[in-house]
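Novice: Before anything else, here's the structure in question.
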Amino acid sequence: MTDDRLPAYFHPAERDFRPAPEWTGTELVPHPERVERAASIHHALEACDRVALIEAEPASEADVLRIHDADLLTVYRTASALAAGQGVHPTCFPRGAAAAPGHSRADPSKPLHAGNWCFDTGTPLDRTTLSAALGSAGCALAAAAAVREGEPLAYALCRPPGHHATRGSYGGYCYVNNAALAARMLRPRRRVAVLDIDVHHGNGTQSLFWRDPRVLFVSIHEHPDRCFPYFAGHPSEVGEGRGRGTTLNVTEEAGCDGARYVQLLESQVIPVLRAFRPDVLVLSAGFDTYALDPIGRFALQTHDYLDVGRRIGRLGLPTVVVQEGGYHVEHLGRNALALLDGLRVGA
Ligand code: Q9C
Ligand code: ZN
Numbered sequence: 001m002t003d004d005r006l007p008a009y010f011h012p013a014e015r016d017f018r019p020a021p022e023w024t025g026t027e028l029v030p031h032p033e034r035v036e037r038a039a040s041i042h043h044a045l046e047a048c049d050r051v052a053l054i055e056a057e058p059a060s061e062a063d064v065l066r067i068h069d070a071d072l073l074t075v076y077r078t079a080s081a082l083a084a085g086q087g088v089h090p091t092c093f094p095r096g097a098a099a100a101p102g103h104s105r106a107d108p109s110k111p112l113h114a115g116n117w118c119f120d121t122g123t124p125l126d127r128t129t130l131s132a133a134l135g136s137a138g139c140a141l142a143a144a145a146a147v148r149e150g151e152p153l154a155y156a157l158c159r160p161p162g163h164h165a166t167r168g169s170y171g172g173y174c175y176v177n178n179a180a181l182a183a184r185m186l187r188p189r190r191r192v193a194v195l196d197i198d199v200h201h202g203n204g205t206q207s208l209f210w211r212d213p214r215v216l217f218v219s220i221h222e223h224p225d226r227c228f229p230y231f232a233g234h235p236s237e238v239g240e241g242r243g244r245g246t247t248l249n250v251t252e253e254a255g256c257d258g259a260r261y262v263q264l265l266e267s268q269v270i271p272v273l274r275a276f277r278p279d280v281l282v283l284s285a286g287f288d289t290y291a292l293d294p295i296g297r298f299a300l301q302t303h304d305y306l307d308v309g310r311r312i313g314r315l316g317l318p319t320v321v322v323q324e325g326g327y328h329v330e331h332l333g334r335n336a337l338a339l340l341d342g343l344r345v346g347a
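The sequence shown lines up with residues 1 to 347 when you count with our numbering.
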């Protein structure tokens with residue numbers, strides 16, 4: 001960039017990706033990860049002269065294979081060959097090809113086997129999923145490249161989100177782990193901290209760096225005993241092997257407001273980030289902590305994102321911001337902009 005505007009990367013496929021209705025366990029509801037989310041952010045950034053919107057190249061399949069299994073990509077490629085209007089909505093989850101003696105091997109080229117690579121019923125596949133996920137990942141890679149080349153701050157308008165996707169499975173509205181891809185790109189030359197402020201625990205990102213002492217993963221989220229993804233995000237999870245101690249989970253209960261959130265950030269999160277002495281920060285930015293969010297049960301206000309951004313910005317780290325959740329469509333764009341303004345002021 002030759003000017004001092006903040007580079008914000010988007011990809012057109014995110015304006016065209018419409019996940020099928022979500023099965024809640026009792027009923028089908030319109031999918032919360034709506035196509036209008038991208039437009040909300042896009043419009044807020046477009047109206048702001050401190051931001052430069054830049055179209056990103058999609059990620060390649062080779063990029064994705066740096067953090068995901070080939071079979072997972074095959075599952076998405078299989079879905080991309082479906083007819084319009086057809087989808088993959090797994091209802092059978094065999095828990096690995098060897099779940100029981102006599103089971104045949106799961107085949108990623110069979111749509112009816114997709115449940116072997118999927119961990120929830122809220123994350124449908126169709127012919128548009130792969131291109132949307134590659135476009136989204138491309139935004140994260142472009143923002144990471146900008147920071148690697150010297151930008152102090154860059155934003156990736158990723159849609160679909162990514163932090164629930166593990167090396168070998170998708171779920172939680174996530175297919176490719178965009179934040180992990182950004183961290184992976186920066187890792188060879190730097191110590192990377194990933195801070196996940198989505199209301200849900202970033203189980204995918206945690207798992208991808210579980211044994212990695214070069215990448216610190218810190219997440220603040222609603223306690224997984226009461227909130228998706230249920231199976232990860234407990235404070236007892238701290239990493240293993242040489243990565244023991246480079247995972248930190250900070251949990252809070254429903255109703256957590258801005259004052260409490262900032263208290264957790266200052267007392268439990270910022271000191272750990274500083275002590276790790278990272279060279280660069282990847283911020284998994286979800287706005288489902290918003291008081292009016294239809295899914296999340298925290299109670300942050302728009303001005304709290306400005307404050308949170310300032311406090312993170314005071315770390316003085318080059319920062320790649322990767323969009324995760326946030327489902328209040330109307331206010332999503334202004335919340336994202338508030339966080340970015342705070343990050344810039346704090347920096
Ligand atoms: N009716 C992200 O924010 N299901 N994913 C919750 C709500 C899964 C959220 C059930 C929520 C996944 C990226
Ligand atoms: Zn979330």
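Backbone N, C-alpha and C fix where the C-beta goes; we use that ideal spot for every residue, glycine too.
Here the structure is a predicted model, which is why all the values come from computation and not from measurement.
1. Counting only runs that start and end within the segment 221 to 286, where is the beta strand (DSSP E) found for 3 or more residues in a row?
2. Who are W23's beta bridge partners in DSSP?
3. What I want to know is whether the C-beta of G162 ends up closer than 6 Å to one or more non-hydrogen atoms of the ligand ZN.
4. Helix, strand or coil for S351 per DSSP?
5. Name the DSSP bridge partner or partners of G87?
6. Count the other C-beta atoms from every protein chain shown that fall within 10 angstroms of the C-beta of S219, then say buried if there are 16 or more, exposed otherwise.
7. Using the Cα positions of E324 and T205, report the straight-line distance between them to the nearest angstrom.
8. Going by beta-carbon coordinates alone, are Y173 and T123 separated by less than 7 Å?
9. I need the straight-line Cα distance from A20 to L130, nearest angstrom please.
10. How about the segment 222 to 230 and the segment 173 to 190: do they share at least three Cβ pairs that are nearer than 8 Å?
11. Taking the beta strand (DSSP E) that I67 falls in, what are its first and last residues?
12. What ranges does the alpha helix (DSSP H) occupy inside the segment 189 to 225, keeping only unbroken runs of at least 4 residues that lie completely in it?
13. Bridge partners of A8, per DSSP?
14. Tell me the rounded alpha-carbon separation between R159 and A132.
15. Does E14 pass the burial test, meaning 16 or more other C-beta atoms within 10 Å, or should it be called exposed?
16. So, is the C-beta of H163 closer than 7 Å to a C-beta in chain B?
17. Whole angstroms are fine: how far does the CA of D126 sit from the CA of S104?
18. Please list the terminal residues of the continuous alpha helix (DSSP H) segment that includes V308.
19. DSSP three-state label for V320, please.
20. Quick one: Cα of F17 to Cα of Y76, how far?
21. By Cβ distance, which residues of its chain are closer than 7 Å to Y51, with the 5 residues on each side in sequence left out?
22. If I'm right that V199 touches S284 with Cβ under 8 Å, what's the distance once you round it to whole angstroms?
23. Is the beta carbon of Y155 closer than 7 Å to that of L340?
Specialist: This is what the structure gives:
1. For the segment 221 to 286, whole beta strand (DSSP E) runs of length 3 or above, ordered along the chain, are 247 to 252 and 280 to 285.
2. Partner(s): L28.
3. G162 Cβ: outside cutoff for every heavy atom of the ligand ZN.
4. Past the edges of the chain, shown from 1 to 347, lies residue 351, and the structure says nothing about it.
5. Under the DSSP definition of a beta bridge, G87 partners with D126.
6. S219 should be labelled buried.
7. Rounded to whole angstroms, E324 to T205 spans 12 Å at the Cα level.
8. Yes. Within cutoff.
9. If I take the Cα positions, the gap works out to 15 Å.
10. With the cut-off at 8 Å, the segment 222 to 230 and the segment 173 to 190 do not touch.
11. Segment: none, I67 is in no beta strand (DSSP E) and carries neither H nor E.
12. The DSSP assignment places 203 to 208 as complete runs of the alpha helix (DSSP H) inside the segment 189 to 225, in order along the chain (cut-off: 4 residues).
13. For A8, which the question treats as bridged, DSSP gives the partners L53 and Y155.
14. Looking at the backbone, the Cα of R159 and that of A132 are separated by about 7 Å.
15. Burial call: buried.
16. Of the protein chains in this structure there is only one, and it is not chain B.
17. One alpha carbon belongs to S104, the other to D126, and they sit about 25 Å apart.
18. Per DSSP, V308 belongs to the alpha helix (DSSP H) from T302 to G313.
19. Here V320 sits in strand by DSSP.
20. Whole-angstrom Cα-Cα distance: 14 Å.
21. The question names Tyr, but residue 51 in the sequence shown is Val. For V51, the CB contacts under 7 Å within the same chain, skipping 5 residues up- and downstream, are R5, L6, A8 and L45 in chain order.
22. No, V199 and S284 are not in contact; Cβ-Cβ is about 11 Å, not under 8 Å.
23. Contact: yes.
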